[in-house]
Amino acid sequence: MLLRRIPESPTLGMMYRVIEMKSRGIEVHSLAPGEPYFPTPAEIIEAAHRAMLEGRTHYVEALGIREVREAIARKVRRINGIRAEVDEVAFMPDKYALAAVLQALVDRGGEVLVPDPGYFYSEPVILAGGRPVRYRLAEDFSLDMDEIRRGMSDRTRAIVVNSPANPTAKVFRRGDLEELYELARERGVRIVSDEAYEDIIFEGRHFSPGSLEDSPEHVISVFSLSKSFSMTGWRAGYLVASRRLLALVSKYVEHTMSCFPPFIEVAAAHALDNQERLVAPIREECSRRRKIVVEALGGIDHLEVNPIEGTFYAFPKYDLEVGSVKLAERLLRERRVAVVPGIGFGPSGEGRFRISFCQREEELVRGLEGLRGFFGAR
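Residue numbers (UniProt numbering): 1 to 378.
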């Protein structure tokens with residue numbers, strides 16, 4: 001059974017422990033959740049409310065109502081430079097989109113290259129019957145093209161990239177993504193580009209590899225409303241892909257979810273048509289908290305932090321002789337601070353831990369004080 005091969009999610013595992021401790025009245029300063037604490041913008045909630053009152057609560061098309069697909073197409077052309085038509089986009093949660101795409105791409109034994117360290121891409125590859133092949137990132141967490149070439153074989157079906165990247169906070173350079181695109185096109189494999197954090201960038205500029213094509217073919221672009229609009233509980237996202245691939249994805253949706261809530265799709269359309277305006281205050285708050293984190297971590301002994309170019313994560317390296325799981329357990333037990341162990345993001349994540357800084361400022365500051373108390377000040 002494929003599910004038996006899937007380990008517990010390190011982020012959800014830590015979240016459940018924090019919830020359990022808090023339910024017993026234990027104070028915990030959680031720097032683990034991968035979500036902004038801000039409320040969803042009121043006008044998005046109001047759009048969903050109006051849609052429900054209008055009776056938009058029934059079955060709809062598997063890949064999304066036309067209203068949201070038109071909004072998606074407008075947004076990716078306007079912001080990402082991706083030339084996509086309405087029938088080359090689909091609405092669905094981004095994690096679900098990744099799973100559906102891999103089900104469509106991967107035959108039994110097919111290989112998919114996934115970043116190390118990186119988000120949890122191996123699991124949906126396994127569930128699709130494929131074999132995840134990890135490619136190590138460079139020392140600064142940029143793409144290592146030689147490493148990617150070494151990982152490819154005649155069984156390679158896709159290469160997953162994530163920029164801005166969770167957990168490394170890296171924004172990939174345009175030149176590297178252009179080189180990757182040429183390699184993928186030459187080898188006849190797909191790039192699956194996870195762009196969930198496209199709006200949370202502090203250094204450099206976001207580049208969508210899908211903009212390199214006249215129409216979606218070699219690049220499958222996956223986006224999320226969760227981070228940009230603080231909508232993690234809405235399960236709203238979308239993808240851009242060829243008509244041929246979306247026909248397969250549609251079958252997967254039809255036989256698993258049937259469709260997605262139309263009132264959420266209406267709200268998503270409003271969000272996408274107003275993206276630049278609505279994400280600005282969230283990005284500004286993340287930027288302010290980033291400054292707090294950079295200053296605080298820079299004054300803590302035993303820690304080394306790579307530049308935080310995007311996302312709302314820091315992924316510090318520590319020099320203590322203890323594994324990242326044990327370290328996270330000790331931080332929770334001794335300082336009541338919750339972090340995510342780096343090993344959960346792949347073998348190259350060992351010796352690191354991830355913190356999320358898009359928390360309430362008081363919670364963030366107290367969590368950072370707990371880290372300083374554990375590691376010591378410089």
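Cβ atoms here follow ideal geometry from the backbone N, Cα and C, with glycine treated the same way.
Checklist entry - residue 299: buried (16+ other C-beta within 10 angstroms of its C-beta) or exposed? => result exposed
Next on the checklist: Would residue 2 and residue 129 be called neighbours here (beta carbons separated by less than 9 Å)?
Outcome noted: yes
Checklist entry - What runs of the alpha helix (DSSP H), each 4 residues or longer, lie entirely inside the segment 248 to 325? => result 262 to 273, 275 to 298
Checklist entry - Would residue 292 pass as a contact of residue 316 if the rule is Cβ separation under 9 Å? => result no
Next on the checklist: Let me check understanding here. Comparing Cα to Cα, which of 165, 90, 323 lies closest to residue 351?
Outcome noted: 323
Checklist entry - With distances taken between CB atoms, is the gap from residue 241 to residue 226 smaller than 9 Å? => result no
Item to check | CA-to-CA distance, residue 333 to residue 211, given in whole angstroms | outcome: 47 Å
Checklist entry - residue 288 to residue 251, Cα distance in whole Å? => result 44 Å
Next on the checklist: Could you pull the DSSP bridge partners for residue 356 from this structure?
Outcome noted: 313
Item to check | Whether residue 152 touches residue 189 by CB criterion (9 Å) | outcome: yes
Checklist entry - From the DSSP output, which residues share a beta bridge with residue 91? => result 238
Item to check | Where the beta strand (DSSP E) containing residue 424 begins and where it ends | outcome: Residue 424 falls outside the range modelled here, since the chain spans only 1 to 378, and no answer is possible.
Item to check | CB contact flag (residue 309, residue 204, <9 Å) | outcome: yes
Checklist entry - First and last residue of the beta strand (DSSP E) that includes residue 132? => result 131 to 136
Item to check | Supposed contact pair residue 30 and residue 18 - C-beta distance, whole angstroms, cut 8 Å | outcome: 5 Å
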